[in-house]
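Order-wise, the sequence lines are chains U and L. Following the numbering used here, the numbering of the first sequence begins with 3 at its first residue and continues without gaps. Following the numbering used here, the numbering of the second sequence begins with 18 at its first residue and continues without gaps. All C-beta atoms in this analysis are idealised placements derived from N, C-alpha and C, irrespective of residue type, glycine included.
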Amino acid sequence: MKVISRRELLRTAGAVGAAAMATDAFPVAAPSTSQTTPPSGAAAAPREAYERLTATESDMLEAIVARLIPTDANGPGAIEARAAHYIDRALAGALADQLEAYRAGFAAFDRYCRLSRGKPFVDLSATDQDSVLIDVESGSATGSGAGFTGSSVAFFNMVKAHTWQGTFGDPYYGGNANFVGWDLIGYPGVRTMVTAADQQRLEKNELTPNHRSAYDFDGFNKATARAASHGDQHGD
Amino acid sequence: MARDYTPDGRNISPPLSWSSVPAGTKELAVVCADFGAGAPPPWVHWVVYNIPATATGLPAELPIDPAASMPPAIKGATQGLNGWRRPIYRGPAPPVGTTHVYYFTVYALDADVDLKPNLTRAELLEAIDGHIIGRGELVPTYERRPGKTAP
Numbered sequence: 003m004k005v006i007s008r009r010e011l012l013r014t015a016g017a018v019g020a021a022a023m024a025t026d027a028f029p030v031a032a033p034s035t036s037q038t039t040p041p042s043g044a045a046a047a048p049r050e051a052y053e054r055l056t057a058t059e060s061d062m063l064e065a066i067v068a069r070l071i072p073t074d075a076n077g078p079g080a081i082e083a084r085a086a087h088y089i090d091r092a093l094a095g096a097l098a099d100q101l102e103a104y105r106a107g108f109a110a111f112d113r114y115c116r117l118s119r120g121k122p123f124v125d126l127s128a129t130d131q132d133s134v135l136i137d138v139e140s141g142s143a144t145g146s147g148a149g150f151t152g153s154s155v156a157f158f159n160m161v162k163a164h165t166w167q168g169t170f171g172d173p174y175y176g177g178n179a180n181f182v183g184w185d186l187i188g189y190p191g192v193r194t195m196v197t198a199a200d201q202q203r204l205e206k207n208e209l210t211p212n213h214r215s216a217y218d219f220d221g222f223n224k225a226t227a228r229a230a231s232h233g234d235q236h237g238d
Numbered sequence: 018m019a020r021d022y023t024p025d026g027r028n029i030s031p032p033l034s035w036s037s038v039p040a041g042t043k044e045l046a047v048v049c050a051d052f053g054a055g056a057p058p059p060w061v062h063w064v065v066y067n068i069p070a071t072a073t074g075l076p077a078e079l080p081i082d083p084a085a086s087m088p089p090a091i092k093g094a095t096q097g098l099n100g101w102r103r104p105i106y107r108g109p110a111p112p113v114g115t116t117h118v119y120y121f122t123v124y125a126l127d128a129d130v131d132l133k134p135n136l137t138r139a140e141l142l143e144a145i146d147g148h149i150i151g152r153g154e155l156v157p158t159y160e161r162r163p164g165k166t167a168p
């Protein structure tokens, strides 16, 4: 896993602890009973529904993205950017053809964790989680009997690529929530015009992020982008 | 080799111990290499150097977080780059059904050689050439058997 170089940024909010995204789901009631509120006791943090991923898959994915781009002293990470939700939403749409690869990959990943570390990924320490991810990334997990299709490297690269998209892509696509990702890497935001004063502020790390999606600009409206591409067909 | 020192287990670095370090040793280095893998061989699993001469071994489970500090007994030790270009230990993952041999070699050096961070095995050996006054070796094997699928 590559450590992203992060610039010191002025932040108004403290890092949101990953603990806020509780990984222990409350027990699901049997089908004959309906449970619409958490069990009595301390109120559970509300959790946003996933469209395509099961509860087990989404818990695993959240734990994975939390290690790929952690919440730490540098600020919020992939969880706060909603990268896991970006992936889930994409699997219901633009990435629908990769849903089966995710299903199979999650199953193999879970088997690998249980076979090698004796526990599901979500129950491992952060160190053991990192160790698992390194082994999956390097391909060492491939011959473990976990049943990765091809090499475990393919599954890792797929999840990593989508985690990066979900953290650093334009928020229009459902990730990079509250511009967490762009703030993390110091990208000051989409601008159609940069003045000399802007450039000077940027070079002094003083350019305030404008927190605008590309699609906040009329020129980048999705409808006009589609129309433009239809009028400019390429051979491929 | 026990499973927990491989990716079939927790993949933590194994404990090592040594004795009879030559008089005049100023520091130590350890390398783990598989001469039956790599193009060209060997495939390197671990590189550790700047180990204090007072150390009698390496404790198990050295950090995989580069920001974490080494255990006090080997304060100042550095992990170099393995074959995956990571500054950590990664254990054997031979092809299923095969047995590979893993050479854990400890080098005793007669000087505090200036060793930069993130050295590979080749770079380390070149840097300590002419300073090796003692060497020890531990040679375990590991066979990767097909695992059972979890229930």
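Discussion item. Looking at chain U, is there any beta carbon in it that lies within less than 8 Å of the beta carbon of L:A19?
Written reply: no
Worksheet item: So what does L:V65 bridge to, in DSSP terms?
Response: L:V47 and L:Q96
Discussion item. Just to confirm my understanding: we take U:G191, look at its own chain, exclude 5 residues before and 5 after, and list those with CB closer than 8 Å. What are they?
Written reply: F181, W184, P211, N212, H213 and R214
Discussion item. Between U:L126 and U:R119, how many whole angstroms is the CB-CB distance? I'm expecting something under 8 Å.
Written reply: 6 Å
Practice prompt. Report, in whole angstroms, the separation of the C-beta atoms of L:L98 and L:N67, which I expect to be a contact under 8 Å.
Written response: About 14 Å; that fails the 8 Å criterion.
Item to complete: Show which residues of chain U have a CB atom less than 7 Å away from the CB atom of L:A110.
Response: S142 and G145
Worksheet item: Is the segment 46 to 62 of chain U close to the segment 148 to 157 of chain U, with three or more CB pairs under 8 Å?
Response: no
Discussion item. Between U:S1 and chain L, is any beta-carbon pair separated by less than 8 Å?
Written reply: Because residue 1 of chain U is not part of the residues shown, which for chain U are 3 to 238, the question remains open.
Fill in: Residue-chain proximity (L:V48, chain U), Cβ-Cβ < 8 Å
no
Worksheet item: What residues are listed by DSSP as bridge partners for L:F121?
Response: L:C49 and L:L155
Fill in: Boundaries (first-last residue) of the alpha helix (DSSP H) holding U:N159
S154 to F170
Item to complete: Take every Cβ of the segment 92 to 107 of chain U, pair it with every Cβ of the segment 127 to 137 of chain U, and state whether three or more of those distances are shorter than 8 Å.
Response: no
Worksheet item: For U:W184, which beta-bridge partners are listed by DSSP?
Response: DSSP lists no partner for U:W184.
Item to complete: Quick one: using the 10 Å Cβ neighbour count with 16 as the cut-off for buried, is U:M195 buried or exposed?
Response: exposed
Fill in: Same chain only: Cβ atoms within 6 Å of L:K133, ignoring 5 sequence neighbours per side
none
Worksheet entry | Residue closest to L:V118, alpha-carbon to alpha-carbon, out of L:A56, L:W60, L:E78 and L:N28 | L:W60
Worksheet item: Under a three-way DSSP split, which group does U:M3 fall into?
Response: Any answer about U:M3 is weak, because its pLDDT of 45 lies below 50 and its placement is not dependable; what the coordinates show is given next. DSSP places U:M3 in coil when its eight states are reduced to three.
Worksheet item: In terms of alpha-carbon separation, which member of U:I187, U:G149, U:K206 and U:L93 lies closest to U:L63?
Response: U:L93
Practice prompt. Check whether the Cβ of L:N135 lies closer than 8 Å to any Cβ atom in chain U.
Written response: no
Discussion item. Can you give me the C-alpha to C-alpha distance between U:N207 and U:N178, rounded to a whole angstrom?
Written reply: 21 Å
Worksheet item: What did DSSP end up calling L:I29 once you bin it into helix, strand or coil?
Response: coil
Discussion item. Taking 8 Å as the threshold (C-beta atoms), are U:D61 and U:V161 in contact?
Written reply: no
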